[in-house]
Amino acid sequence: MTDNIGYIHSILTGGTLDGPGVRYVIFMQMCPFRCIYCHNPDTWFKNSLGAKTVDAVYNDILRYKNFFNFTGGGVTLSGGEPLLQENFTLNLFKKLKNINVHTCLDTCGYIELNDKIKDIISLSDLIMLDIKHLDQDTHLKLTGKDNIKVLKFLDFLHLNNKKTRIRQVLIPNYTTSDLYIDKLIEYLDKYRKIIEKVELLPYHKMGIEKWQKLGLTYQLNVDEPEKELVQYIKNKFIKNGYDII
Ligand code: SF4
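Residue numbering for the sequence shown follows my numbering, beginning at 870 and increasing consecutively.
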């Protein structure tokens, strides 16, 4: 039965930011990364307080099915990292696809591509993949891990023609320079046929209080990006033919 238990941080029932339409968003516990700008460090650690069965979550989701139909919405599994709880994610997505609910997987892509993970990808109508950084050393500095698995994950999505939304957090001094953005646009070009949208998320400091509450030291010392800079970067993607958020 443990296959059917999910350790859940929180659930948002009217989400509009994590995929198309109005969504039931499940934020799972645990993450392989320790991003120095993470706004949800309280998802990093496993605890049984939010443990729920697949059936319990599924039955709750059924209450919102009409909203999904009206708005083109569905269910998003986010986190933390939902692929660290592959059995729960797989079993829930199987049930949702049986009743034709749109499924979206919000992932950092840092995972071995075993058969279960491949099945989850095949049951996902949309993958939202975070690119933290293209440069290995900077990726390591930002997340605590390298980006090899993440880039392989993107290759796998491409190979399987999987609709993908790329997410990039815009962090001054790290991911906002012309050099970096041009490199990212160039890198993404070969994946263009699967990229549905590019979502550019301005770095913000709203998570700092959570770090303090958890007794963690927040190490990133940069300002939030100016609106003009964010728009400038968005324009670069638009000029290159991307639909951006
Ligand atoms: S991948 Fe997301 S949840 Fe995990 S540490 Fe990074 S920002 Fe936080």
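Glycine included, every Cβ here is placed at the ideal spot set by N, Cα and C.
{"Query": "Selected residue, minimal CA-CA separation from Leu-1048, among Gly-1084, His-1002, Phe-896", "Result": "His-1002"}
{"Query": "Backbone secondary structure at Ile-893 - three-state DSSP", "Result": "The amino acid at residue 893 is misidentified as Ile; the sequence shows Tyr. Strand."}
{"Query": "Helix, strand or coil at Ile-877 [DSSP, three-state]", "Result": "strand"}
{"Query": "The alpha helix (DSSP H) enclosing Glu-981, as first and last residue numbers", "Result": "No alpha helix (DSSP H) contains Glu-981, which DSSP labels as neither H nor E."}
{"Query": "Cys-977 CB to nearest heavy atom of ligand 1 below 6 angstroms", "Result": "yes"}
{"Query": "The segment 894-914 touching the segment 984-997, judged by at least three CB pairs closer than 8 angstroms", "Result": "no"}
{"Query": "Cβ-heavy atom distance, Asn-909 to ligand 1, below 6 angstroms", "Result": "yes"}
{"Query": "Whole-Å CB distance - Val-891 paired with Ile-880, under 8 angstroms assumed", "Result": "So it is not a contact: roughly 14 angstroms between Cβ atoms."}
{"Query": "Nearest-angstrom Cα separation, counted from Ile-968 out to Pro-1041", "Result": "43 angstroms"}
{"Query": "Contact under 7 angstroms by Cβ, Cys-900 with Gly-949", "Result": "yes"}
{"Query": "Sufficient close CB pairs (3 or more, under 8 angstroms) joining the segment 972-991 to the segment 915-926", "Result": "no"}
{"Query": "Neighbourhood of Asp-872 by C-beta distance below 7 angstroms, restricted to the same chain and skipping five residues each side", "Result": "Asn-956, Asn-960"}
{"Query": "Per DSSP, cross-strand counterpart(s) of Glu-1120", "Result": "In the structure displayed, the chain extends from 870 to 1114; residue 1120 sits before or after that span and is not available."}
{"Query": "Sub-7 angstroms separation of Leu-1039 and Leu-1069 beta-carbons", "Result": "yes"}
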